[in-house]
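Chemist:
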Amino acid sequence: MDALFGQNSLDDTAEPARTPDDSDVSEGENLTNKEINNTPAPISHGGRQTGPKGVLADHAFHEQISKERKAAFIKSYNERVLSKAITTTTFREDQETNKQEEALLQALENVSSDEDEQEVIRRYREQRIKEIKNYEYYKSRPKFGFLKEISADQYVSAIDNEAANVSVVLHLYENSIVECIRLNECLAHLARKYACVKFLRILARELEFDPAGLPAILVYKNGKLIANLVKITDEFDESDFDSNVVEQILIRKEAFTTSDISPDLSSTKNNLEDRISTNDSLKYKDNDDDNEDSD
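Residue 108 in UniProt numbering sits at position 108 of the sequence shown, with consecutive numbering throughout.
(1) Which stretch, first to last residue, makes up the alpha helix (DSSP H) that contains K198?
(2) D153: buried (16+ other C-beta within 10 angstroms of its C-beta) or exposed?
(3) Please classify E247: is it buried, with 16 or more other beta-carbons within 10 angstroms of its beta-carbon, or exposed?
(4) May I have the straight-line CA-CA distance separating D234 from C196, to the nearest angstrom?
(5) Could you name the residues that DSSP lists as bridge partners for S262?
(6) With contact counted as at least three CB pairs below 8 Å, one residue from each stretch, are the region 141-150 and the region 181-201 in contact?
(7) Output yes or no for whether 8 Å exceeds the beta carbon distance between Y220 and V156.
(8) State the Cα-Cα distance for the pair T258 and A60, rounded to the nearest angstrom.
(9) Are K253 and A227 touching if we call contact CB-CB under 8 Å?
(10) Can you look up E149 in the DSSP assignment and give me helix, strand or coil?
(11) Secondary structure at Y220, three-state DSSP: helix, strand or coil?
(12) By DSSP, does I159 sit in helix, in strand, or in coil?
(13) Considering only C-alpha positions, which residue in the set L218, I132, L190 and V245 is nearest to F146?
(14) So, at 6 Å on beta carbons, what are the nonlocal neighbours of I249 in its own chain, with the 5 sequence-adjacent residues on each side left out?
(15) The alpha helix (DSSP H) with L170 in it runs from where to where?
(16) Less than 8 Å separating the beta-carbons of P211 and I181?
(17) Quick one: residues in its chain with C-beta nearer than 7 Å to the C-beta of residue 310, no 5 flanking neighbours on either side, listed in chain order?
(18) If we ignore side chains and look at the alpha-carbon of each, how far apart do R128 and N175 end up?
(19) Determine the closest residue to D240 out of A255, E179 and I202, with distance taken between C-alpha atoms.
(20) Using the C-alpha atoms, what's the distance from C186 back to E206?
(21) Have a look at the DSSP bridge pairing and note the partners of A72.
(22) Measure the C-alpha to C-alpha separation of I251 and E68 and round it to an integer number of angstroms.
(23) If the criterion is Cβ atoms closer than 8 Å, does the pair L172 and I202 meet it?
(24) Between the C-alpha atoms of E131 and K231, what's the straight-line distance to the nearest angstrom?
(25) Within 10 angstroms of the Cβ of A163, are there 16 or more other Cβ atoms? Answer buried if so, exposed if not.
(26) Between the alpha carbons of S243 and L183, how many angstroms are there, rounded?
(27) Distance check for K133 and F256, CA to CA, integer angstroms please.
(28) Considering only their Cβ atoms, is the gap separating L170 from L214 smaller than 8 Å?
(29) Are the beta-carbon atoms of L200 and K148 separated by less than 8 Å?
(30) When burial is assigned at 16 or more other CB atoms within 10 Å of the CB, is D116 buried or exposed?
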């Protein structure tokens with residue numbers, strides 16, 4: 001009996017009884033619930049995807065990266081040059097200068113003598129000095145850039161309270177007249193181009209203006225009327241009615257000049273100056289007895 005009891009005791013000591021919590025994995029493979037929960041999730045990346053939606057998403061991803069890199073480069077460039085000088089140029093201005101320098105080099109390649117080369121360089125230098133002066137003058141002036149609707153109550157102050165070097169172009173119109181609607185479109189376009197000119201419009205009935213004289217344009221500068229274009233459509237043939245024709249008429253009446261054009265439109269400015277000096281194609285009617293001369 002004692003021998004049997006001793007044998008059972010040895011068996012109990014050699015192999016403890018299993019519990020429900022025991023597992024069949026080895027000690028090295030055993031993971032606790034806490035360890036499992038703390039396992040990091042797979043890291044997503046912007047790599048190429050499959051399927052139509054995946055291709056579109058991949059394309060959008062790379063476009064966004066490209067835009068961000070370009071924006072960061074331009075920002076870094078501007079910050080770098082601005083930190084080195086009191087007055088300097090931005091990325092876009094440098095690009096424009098590079099284009100002009102390339103044009104100069106192209107012109108120099110086509111010259112036939114040293115004298116011609118010096119003439120090209122002289123013209124380029126004069127052009128650059130003129131552009132710099134115009135830009136500095138442009139920066140110091142008020143900016144508008146759109147066609148603004150005003151009421152009769154605002155009429156006097158909108159003209160009299162403006163700076164002496166600002167032209168005010170006022171369109172008297174009625175929505176029931178087709179030519180007025182068309183002229184509004186032309187003036188809205190010119191307002192964006194000539195940002196230093198104040199473009200306004202007002203319903204003619206608010207000023208008790210006779211609709212027979214519409215569309216009409218009044219131009220003021222330093223509080224004085226400098227152009228009175230009643231029934232402006234009599235100034236040109238109907239087939240020529242566009243913003244270019246209206247622009248030429250207003251320049252002829254000294255409503256504005258090329259110095260009022262934004263420097264961002266320098267190529268447009270140069271083309272316009274060429275047109276002003278050589279253009280004889282506009283079919284103005286022979287009624288150049290300006291109404292403002294009688295005022």
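Even for Gly, the Cβ is constructed at its ideal location relative to N, Cα and C. Computed from a prediction, not measured in an experiment: that's the story for all the values here.
Modeler: On the basis of the coordinates in this document:
(1) Run containing K198: none in the alpha helix (DSSP H); it sits in the beta strand (DSSP E), K198 to L203.
(2) Residue environment analysis places D153 among the exposed positions, since fewer than 16 neighbouring C-beta atoms fall within 10 angstroms of its C-beta.
(3) The C-beta of E247 has 16 or more other C-beta atoms within 10 Å across all chains shown, which makes the residue buried.
(4) About 27 Å.
(5) Looking at the DSSP assignment, S262 forms no beta bridge with any residue, so it has no partner.
(6) Yes, they touch.
(7) No, these two residues do not count as a Cβ contact at 8 Å.
(8) Whole-angstrom Cα-Cα distance: 42 Å.
(9) Their beta carbons are under 8 Å apart, which means K253 touches A227 by this criterion.
(10) DSSP places E149 in strand when its eight states are reduced to three.
(11) Strand at Y220.
(12) Note: I159 maps to helix in three-state DSSP.
(13) Closest option to F146, Cα to Cα, is L190.
(14) Apart from the 5 residues on each side of it in sequence, I249 sits with its Cβ closer than 6 Å to the Cβ of E235 in its chain, given in chain order.
(15) Segment S167 to Y173 is the beta strand (DSSP E) holding L170; no alpha helix (DSSP H) there.
(16) No. Outside cutoff.
(17) Nothing about residue 310 can be reported from this structure: the residues present for the chain run from 1 to 295 only.
(18) Rounded to the nearest angstrom, the gap between the Cα atoms of R128 and N175 is 45 Å.
(19) E179 is the residue among A255, E179 and I202 whose C-alpha sits nearest the C-alpha of D240.
(20) Rounded to whole angstroms, E206 to C186 spans 22 Å at the Cα level.
(21) A72 pairs with nothing; no bridge assigned.
(22) Straight-line Cα distance between these residues: approximately 43 Å.
(23) Cβ distance < 8 Å, so L172 and I202 count as in contact.
(24) Distance from the CA of E131 to the CA of K231, rounded to the nearest whole angstrom, comes to 37 Å.
(25) Counting Cβ neighbours within 10 Å, A163 comes out exposed, since fewer than 16 surround it.
(26) Taking the straight line from one Cα to the other gives about 8 Å.
(27) A direct Cα-to-Cα measurement between F256 and K133 gives close to 18 Å.
(28) In terms of Cβ geometry, L214 and L170 do not form a close pair [threshold 8 Å].
(29) Yes, the pair counts as a contact, with Cβ atoms nearer than the cut-off.
(30) Residue environment analysis places D116 among the exposed positions, since fewer than 16 neighbouring C-beta atoms fall within 10 angstroms of its C-beta.
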